[in-house]
Every structure is written in C-alpha cells, then in structure tokens.
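All remarks here apply to the structure that follows.
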Ligand code: ADP
Ligand code: ADP
Ligand code: ZN
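In our numbering, the protein residues as written are 661 to 870.
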C-alpha cells in the first residue's frame, strides 16, 4: 500500500502534480481544499463553519479537517492508498493521520515565496473537470477552452487574491512548515525543486515514488 502526502506552500503545484500522479499510480487525489470548497458551495454545516477561515486565508480548525478525512478514508476507492493534497497542514493533523493510515512518501514541492503570488494570482481552473491552468505559465491551448474536457466555463477562486495569498503564506510558514521536520525524522521526506517546468517536476516525483 502506498499513501502519499503532497506537501508545499499554496501555489507550489500540488494540485497540478496530483492530477498527473493519479494518472500514473491510480491513487485517488484527496484534496481538503477541494472538499471544503464543495462543502461551502453545498451549504453544509462543515462549509458554514469553514467559510470565514478560508476567506481570511487562515487554516480551518483541525477537528473539522480530521473529521472530513476520517469519513473520506472509509470510501472504497481509498482502500489501496490515497494521495493527500494540502493535508496534513499542522502537526495535530499529521498525528491524527498516523492513527488512521500509514504514510509511505511525503513529496515536498519547494517554491520560493517570491514566486507564490504570481502563481496564485494567475491561477484559473475548468469548472467542469477541475483542470488547473495559469494565465502565463500554463494557459489552455485554445483561449478559454479546457484542454482536458473541451469545457468553456473557467473560474477563479475567491481566495486567490494578493492579500489573502500573503496571509495563506504566513499560515504556511507558521503552522505547516514545522511538519517538514516531523516527517523528515521519519525518513519518508522527499524534497523536489518546484521552481521548474511542470514535466520535469512530475518526472522527479515519479522517481521518488519508485
Ligand atoms: P497548489 O495546489 O499547490 O496550490 P496549483 O497546482 O493549483 O498549486 O498551481 C498553482 C498555479 O501555478 C496554477 O495556476 C498552475 O497552473 C501554476 N503552476 C503549477 N505548476 C507550475 C510550474 N511548475 N511552473 C509554473 N506554474 C505552475
Ligand atoms: P492552496 O494549496 O492554494 O493553499 P487549498 O485549496 O489547499 O489551497 O486550501 C484552501 C483553503 O482551505 C486554505 O487557505 C484553508 O483555509 C483551507 N484548508 C485546506 N486544507 C486545509 C487543512 N488541511 N487544514 C486547514 N485548513 C485547510
Ligand atoms: Zn475541463
């Protein structure tokens, strides 16, 4: 069984790489950010509780996140392992995960802070299939048309603006980056230079997983 954690600051390329790793490993992508956005959209209790934290660029409380993951891991597609994207983000979340399932690889995608704002502020995605693009670094081949599904409904996230990004980046440095030491001490931590082309990064990740 393989369970992967994709680790890194907002905009590092976790979602972009997750889609590619899913294609080659068959592991389902479990993104707490996507699950929370769905909960907000559907107006569930979880969504109502999480919304203000997300709008402010702050981390949603651990108890909410851990409950979401406990439920998700019970689904049948998760029985042979999962690829976590954007989870865990605090030491208590990592401890809770260790009680639920064994993590075999942590893939840390490293991108310097000064690149993050341009990555996030140029991000858009396909509302139909979720494929992620960038205005300058990874645009659709045809303007406004999704390469993956041909859909033409593109959207931008409400929290992908400069002031919220700076808050998310500081949450990352204060609450999430200490997890690197926690995982490094377990010998499962792989550092990947994320400040390169998307294909080069994918090939390094697949090598770390092999
Ligand atoms: P995360 O899931 O870590 O927040 P995303 O995968 O959504 O990050 O990527 C953030 C933005 O940066 C997107 O617009 C994406 O198209 C773009 N991007 C992803 N990887 C790269 C890369 N290696 N170089 C340049 N831009 C990238
Ligand atoms: P990004 O990778 O661009 O930061 P995500 O989609 O992973 O974006 O997360 C969006 C927001 O959802 C975060 O700013 C935070 O408010 C919340 N969130 C997502 N995952 C977690 C988590 N594991 N713990 C706490 N909050 C989370
Ligand atoms: Zn699409």
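Think of the CB as a built atom: it goes at the ideal place given N, C-alpha and C, for glycine as much as any other residue.
*Mind checking whether the beta-carbon of residue 784 lies closer than 8 Å to any heavy atom of ligand 2?*
Placement of the Cβ of residue 784 at a distance of 8 Å or more from every heavy atom of ligand 2 is found.
_Could you tell me the alpha carbon to alpha carbon distance between residue 698 and residue 707, rounded to whole angstroms?_
Here the alpha carbon of residue 698 sits roughly 8 Å from the alpha carbon of residue 707.
*With 16 other Cβ atoms within 10 Å as the buried cut-off, status of residue 865*: Under a 10 Å Cβ-count criterion, residue 865 is classified as buried, with 16 or more other Cβ atoms of the shown protein chains found around its own Cβ.
*Put residue 852 into one of helix, strand or coil per three-state DSSP.*
In the three-state scheme derived from DSSP, where H, G and I count as helix and E and B as strand, residue 852 is classed as strand.
*Spell out a yes or no on whether the segment 832 to 848 and the segment 745 to 753 are touching, meaning 3 or more CB-CB pairs, one atom from each, closer than 8 Å.*
Short answer: they touch.
*So residue 691 and residue 745 are in contact, right, with Cβ under 8 Å, and what is the actual spacing, rounded?*
Residue 691 to residue 745, Cβ: 4 Å. Contact.
*Taking residue 651 as the reference, give the member of 664, 669, 757, 842 with the closest Cα.*
In the structure displayed, the chain extends from 661 to 870; residue 651 sits before or after that span and is not available.
*Measure the CB-CB distance between residue 710 and residue 733 and report whether it falls below 9 Å.*
No, they are not a contact pair.
*Considering only residues of the same chain and omitting the five flanking positions on each side of residue 819, which have a CB-CB separation below 7 Å?*
The residues are 714, 715, 717.
*Would you kindly work out how many angstroms separate the C-alpha atoms of residue 727 and residue 754, rounded to a whole number?*
Taking the straight line from one Cα to the other gives about 13 Å.
*Terminal residues of the beta strand (DSSP E) in which residue 728 lies*: First-last for residue 728: 722 to 732, but that is the alpha helix (DSSP H), not the beta strand (DSSP E).
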